[in-house]
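Read the structure below first, then the notes.
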Amino acid sequence: MTSLYWQYIIRHKRAFFVTVLLLAVIFTLLPAAAQIWLRGQETVHADITDFARGKYDILVRPKNSPIEEKLGIVEENYLGVGDGGITLDTWQKIARDQRIEFAAPVASLGFFTKMNQSYQLPKPDGPTRYRVKYETTDGVHRYVIQEQTAYLLFPLAANLSDAFYPKELINVFGLWGRANFQLPPSYHPVIAIDPDAEEKLTGIDFSALKQELNGADFWPPEAHYIPLLDVKDSATPIDATITVENLDLSEEDVLSLKRKAGLKEEDPLFYAVNPNHESSDAYRFIEEQLANIPPTSKKTYQIHFSEFLSPFEQEWYMLDKDFHVVMESEYDFNKHGEIGRVSSYESQNTFFRASPPAYRLKDGGLSIRLVDTEGRLPVYRKLEEIRHQQFQSSGSNQDLHFFVQVGSVAAGPAYEQLAASPLGIYQFQYGVHQATGKKLQPTHHPGSFLPLPAHGLVSIRWAEYFKGAAPIDAIRIKVAGISGYTEEAAEKIREVARDLEEMGLYVDIIAGASRQDMAVDVEKIGTVIMPWTTLGAAESILSSWNVFSMVIAAVFVLSALLTLLSRFGVAEAETKEERGRLAMLGWSDSTIRAIFRFQWRIQLLTAAIISGGILAATAGFDPISFAGFGTAILITSGLKAVTGKLHQRPSKRDHSFRPGRSLLTANLRFYKNHILAASLQLILTTSCTAFIFTVNHATTERIKKTRLGEYIHFHINEQQMLLFSGIILLTAFTLAESLYRLWQERKKQIQFLKIVGWQNREIRMLLLKESVAWAGISTGFGAMISVFLAGSVLGFNSAAVLLQIGWAGAIFLGPLFIFSIVLFGTLKYGLKGEQTWM
Numbered sequence: 003m004t005s006l007y008w009q010y011i012i013r014h015k016r017a018f019f020v021t022v023l024l025l026a027v028i029f030t031l032l033p034a035a036a037q038i039w040l041r042g043q044e045t046v047h048a049d050i051t052d053f054a055r056g057k058y059d060i061l062v063r064p065k066n067s068p069i070e071e072k073l074g075i076v077e078e079n080y081l082g083v084g085d086g087g088i089t090l091d092t093w094q095k096i097a098r099d100q101r102i103e104f105a106a107p108v109a110s111l112g113f114f115t116k117m118n119q120s121y122q123l124p125k126p127d128g129p130t131r132y133r134v135k136y137e138t139t140d141g142v143h144r145y146v147i148q149e150q151t152a153y154l155l156f157p158l159a160a161n162l163s164d165a166f167y168p169k170e171l172i173n174v175f176g177l178w179g180r181a182n183f184q185l186p187p188s189y190h191p192v193i194a195i196d197p198d199a200e201e202k203l204t205g206i207d208f209s210a211l212k213q214e215l216n217g218a219d220f221w222p223p224e225a226h227y228i229p230l231l232d233v234k235d236s237a238t239p240i241d242a243t244i245t246v247e248n249l250d251l252s253e254e255d256v257l258s259l260k261r262k263a264g265l266k267e268e269d270p271l272f273y274a275v276n277p278n279h280e281s282s283d284a285y286r287f288i289e290e291q292l293a294n295i296p297p298t299s300k301k302t303y304q305i306h307f308s309e310f311l312s313p314f315e316q317e318w319y320m321l322d323k324d325f326h327v328v329m330e331s332e333y334d335f336n337k338h339g340e341i342g343r344v345s346s347y348e349s350q351n352t353f354f355r356a357s358p359p360a361y362r363l364k365d366g367g368l369s370i371r372l373v374d375t376e377g378r379l380p381v382y383r384k385l386e387e388i389r390h391q392q393f394q395s396s397g398s399n400q401d402l403h404f405f406v407q408v409g410s411v412a413a414g415p416a417y418e419q420l421a422a423s424p425l426g427i428y429q430f431q432y433g434v435h436q437a438t439g440k441k442l443q444p445t446h447h448p449g450s451f452l453p454l455p456a457h458g459l460v461s462i463r464w465a466e467y468f469k470g471a472a473p474i475d476a477i478r479i480k481v482a483g484i485s486g487y488t489e490e491a492a493e494k495i496r497e498v499a500r501d502l503e504e505m506g507l508y509v510d511i512i513a514g515a516s517r518q519d520m521a522v523d524v525e526k527i528g529t530v531i532m533p534w535t536t537l538g539a540a541e542s543i544l545s546s547w548n549v550f551s552m553v554i555a556a557v558f559v560l561s562a563l564l565t566l567l568s569r570f571g572v573a574e575a576e577t578k579e580e581r582g583r584l585a586m587l588g589w590s591d592s593t594i595r596a597i598f599r600f601q602w603r604i605q606l607l608t609a610a611i612i613s614g615g616i617l618a619a620t621a622g623f624d625p626i627s628f629a630g631f632g633t634a635i636l637i638t639s640g641l642k643a644v645t646g647k648l649h650q651r652p653s654k655r656d657h658s659f660r661p662g663r664s665l666l667t668a669n670l671r672f673y674k675n676h677i678l679a680a681s682l683q684l685i686l687t688t689s690c691t692a693f694i695f696t697v698n699h700a701t702t703e704r705i706k707k708t709r710l711g712e713y714i715h716f717h718i719n720e721q722q723m724l725l726f727s728g729i730i731l732l733t734a735f736t737l738a739e740s741l742y743r744l745w746q747e748r749k750k751q752i753q754f755l756k757i758v759g760w761q762n763r764e765i766r767m768l769l770l771k772e773s774v775a776w777a778g779i780s781t782g783f784g785a786m787i788s789v790f791l792a793g794s795v796l797g798f799n800s801a802a803v804l805l806q807i808g809w810a811g812a813i814f815l816g817p818l819f820i821f822s823i824v825l826f827g828t829l830k831y832g833l834k835g836e837q838t839w840m
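Residue numbers (the working numbering): 3 to 840.
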């Protein structure tokens, strides 16, 4: 009897090996898909655990910013400005909580400038005119800050020279017989921090801020001198163009000029330079006469002070004979000669408080509008000028406060970190101009549109003097006793956050925050790409990945099940006639069933051996793979049993042809069982493929907004594509087999049509109409399902609907194209031997 079984298998070897091939593919793909899916889950969770926790976990503020409330993101250095709102007592109470490792406060004090410093130019050989132009830049455009013209003519008594200059150079130019100038003031953010907590947060030593400066070393000695640390990478963003012109002018010419201007011959020309009389007739006359003197020679020098001067530079500096900057630490008397300079802390009597840039939402994006202009320089913030103190020439100055640079610190590169807690005050990567690719940088003005980092740091104990009783803008908190961003860690962080909210504070959980680039339309500048921070990026990445992974896994399993059902149905149909013939020969039902059970067992065993060998060779003895392997065999066996039971039912096919019904409609009705299998596969292919692409596109866009998301997507994208390729492979197999079986069934009909006189063209047109009718309806219905499914997951907002319709339309055309190829391929092969009409 066994030999008879084998003879039957050999006689039907094509159907036997097709089933074995499919089973081997299923037994291999399902465990591989399970392993890929689980590996993807592990990769995402491992990356989140390893990288999502930044420098701290919780950000506490009096309130959030309006732009953050709308977009859920904050600009870099967003703590560089603020109105305060948290007291020192509240901060200290939070810091004493045993669950908190550290609580690092931030208080933005305002925009301050350095002490006034003059710089000396080389000594001229004779009467000289100096034209000085100061400029700044935002990285895209250059802006003139100030232009000055001054004249150094002939020596006078007491180390003075006959000189003429604008009023802002009074008591600066011409002293000691030298040309001295002074940079325009540049204003820089000063931030108050707690040195100990900030060191725990950043790993940087801020202990220099704790020292007490001796007033005896400064003037006035009774004032308060506040230690300040410069932050490296910040600079004085001012460059100078100095043109030196030699003049053909004699002392007699100068005396004549004085007489004509109404000055005494013994009076120096700068007597006309009086703050109250700069617009006097004498001043204007001298200025015009000197300006009309042609130079005998001239040289122009470019001085990039931004390369040498920090925002709160304490060292004095000069220009040597080659017009190179020489700092105090580099000065050599024998090499550089005498130096005369003027310095004063009075420039710090005034500072600015600035509002955030004037952001607004525009066409779904961000824009920054112009608030004001200063000359040609655009201003993007509302500024409040505060004169908080005044030097008293007679009387006590003990209430004065001045910043003194005591050192510098480097915040370190943080721009490319995957997860980056927004420290809010240390980011020196400002972004780029989209059209030109130029790097952005802040100007000297406090009204720059860029969110500026701290240029100077002072101790938090000085914050109340500048901002009142509640000076703190934010507190950055790290929860103690956790490492990595696990679910247990997240719950502990949430618990601490809830307790802080009960204190009436606004709380953000920062763990999992990550940077993203945003396009911002800046008035007068154009579109710029700036780094922003998405709060809670880890939670968004996890939720997005969980949705997509479940969707693609479900579709993969559904495709596999439908493929198996289709194969088993075809196999049952193929053996139906064979069963009838065996029964007519007198075989019993039990013997017939035994033959086909034997065939099934051999098919199952052969496929299992092939698949098991492939899995062992590729994955080793991985428990997940072999668990999936066993599950696949059990599911397949169950489906086979269910399919066998269903096909034992008598057929209810309607063989009648009703008058008035077209041949097209009659054929669709008659072959509906075969068409149904292919239609279901097309519906599944279209709906699931469009749905997967839509969800994948939305998920990818959501994940890749941040650098952490980009990193994770890079690691899981290949795994996603492997799963999707498996779905396509199974779908193509099922569709091809369903169509092949349909053409096999229709051989006799086509022969009959030829006999009754149908032409080849008419037969082709009939089949084409039929195929387009049911395939078009199937793919269209699948596209509609995909829109509904995607809308259920992504929401039925206008942008999402457009995305869904776009993908559905693309997928609608895609399967039709694939179907047409499969259609004519299977048609030609299925009708082999009946090709006279093709």
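From the three backbone atoms N, C-alpha and C, an ideal C-beta is built for every residue, glycine too.
On the CB-based measure, 16 or more other CB atoms within 10 Å of its CB, does Leu-420 come out buried or exposed?
The pLDDT assigned to Leu-420 is 37, lower than 50, so where the model puts this residue is not dependable; a value taken from the coordinates is nonetheless given after this. Flag for Leu-420 reads buried.
Segments assigned beta strand (DSSP E), at least 3 residues, entirely inside the region 294 to 357
297 to 306, 319 to 321, 327 to 329, 352 to 356
Taking the continuous beta strand (DSSP E) assigned at Arg-131, which residues delimit it?
130 to 139
Have a look at Gln-443 and Pro-313 and give me their C-alpha separation to the nearest angstrom.
14 Å
Going by beta carbon distance, what residues of the same chain come within less than 7 Å of Ile-484, once the five residues before and after it are set aside?
Ala-491, Lys-494
DSSP puts His-435 in a beta bridge; with which residues?
Val-530
With a threshold of 6 Å on Cβ separation, who are the neighbours of Tyr-145 within its own chain once the five nearest residues in sequence on each side are excluded?
Thr-138, Arg-378, Leu-379
How do the region 152 to 160 and the region 193 to 210 stand: do at least 3 beta-carbon pairs fall below 8 Å, yes or no?
no
Below 7 Å CB to CB, which residues in the same chain sit around Leu-755 once its five sequence neighbours on both sides are set aside?
Ile-765
Nearest-angstrom Cα distance between Ala-585 and Ser-689?
Taking the straight line from one Cα to the other gives about 43 Å.
Taking Ser-681 and Ser-780 to be in contact with their CB atoms under 8 Å, please state how far apart those CB atoms are, rounded to whole angstroms.
Beta-carbon to beta-carbon, Ser-681 and Ser-780 are separated by about 4 Å, close enough to satisfy the 8 Å threshold.
Which residue marks the beginning of the alpha helix (DSSP H) containing Phe-754, and which one marks its end?
First-last of the alpha helix (DSSP H) with Phe-754: 749 to 757.
Can you name the residues that DSSP bridges to Ile-388?
DSSP, once it has assigned bridges, lists Phe-353 as partnering Ile-388.
For the region 304 to 318 against the region 95 to 107, do three or more pairs of beta-carbon atoms, one drawn from each stretch, fall closer than 8 Å, so that the two count as touching?
no
Spatial neighbours of Asn-294 within its chain, please: C-beta separation below 6 Å, excluding the five flanking residues on both sides.
none
So the candidates are Ile-206, Leu-123, Leu-90; which of them puts its Cα closest to the Cα of Glu-466?
Leu-90
Does at least one heavy atom of the ligand MG sit under 7 Å from the Cβ of Leu-23?
You won't find the ligand MG in this model; it holds no ligand whatsoever.
Measuring only the C-alpha atoms, how far is Phe-790 from Trp-776?
21 Å
Thinking C-alpha only, which one of Pro-129, Gly-433, Val-20 is nearest Leu-251?
Pro-129
Using alpha carbons as the reference points, say which of Gly-342, Lys-57, Leu-678, Asn-66 lies closest to Ala-2.
The structure shown does not extend to residue 2, since the chain is modelled only from 3 to 840, so the question has no answer here.
Under three-state DSSP, which class holds Lys-441?
strand
Beta-carbon separation of Phe-208 and Ala-356 under 8 Å?
Not a contact, by the Cβ cut-off of 8 Å.
Candidates Asp-519, Glu-525, Lys-526, Ile-527: which alpha carbon is nearest Pro-533's?
Asp-519
Just reading off the alpha helix (DSSP H) that Val-498 is part of, what are its end residues?
489 to 503
What are the start and end residues of the alpha helix (DSSP H) that includes Pro-68?
Here the alpha helix (DSSP H) through Pro-68 covers 68 to 73.
For His-657, count the other beta carbons within 10 Å of its own beta carbon; 16 or more makes it buried, fewer makes it exposed. Which is it?
Since pLDDT at His-657 reaches only 46, below the 50 mark, its modelled position is unreliable, and no value is offered.
For Met-520: DSSP bridge partner residues
Met-532
Considering Arg-478, what are the terminal residues of the beta strand (DSSP E) in which it resides?
476 to 481
Extent of the continuous alpha helix (DSSP H) run through Ile-96:
90 to 97
Counting along the chain, where does the beta strand (DSSP E) carrying Pro-191 start and finish?
In this chain, the beta strand (DSSP E) harbouring Pro-191 covers 190 to 195.
Same chain, Cβ closer than 8 Å to Ser-410, neighbours up to 5 away in sequence not counted
Leu-231, Asp-232, Val-233, Lys-234, Ser-312
Distance between Ala-738 and Arg-655 (C-alpha atoms, nearest Å):
Because the pLDDT of Arg-655 is 48, which lies under 50, any placement of that residue in the model is unreliable, and the question is left without a value.
Kindly indicate which residue of Gly-615, Gly-87, Trp-760 has the alpha-carbon position closest to the one of Pro-33.
Cα-wise, what sits closest to Pro-33 is Gly-615.
Same chain, Cβ closer than 7 Å to Met-329, neighbours up to 5 away in sequence not counted
Counting only Cβ-Cβ distances below 7 Å, and skipping sequence neighbours, we find Phe-310, Glu-317, Tyr-319.
For Ile-612, which residues in the same chain have their Cβ closer than 7 Å to its Cβ, ignoring the five residues on either side in sequence?
Ala-26
Distance, Val-774 Cα to Met-786 Cα
Their Cα atoms are separated by approximately 18 Å.
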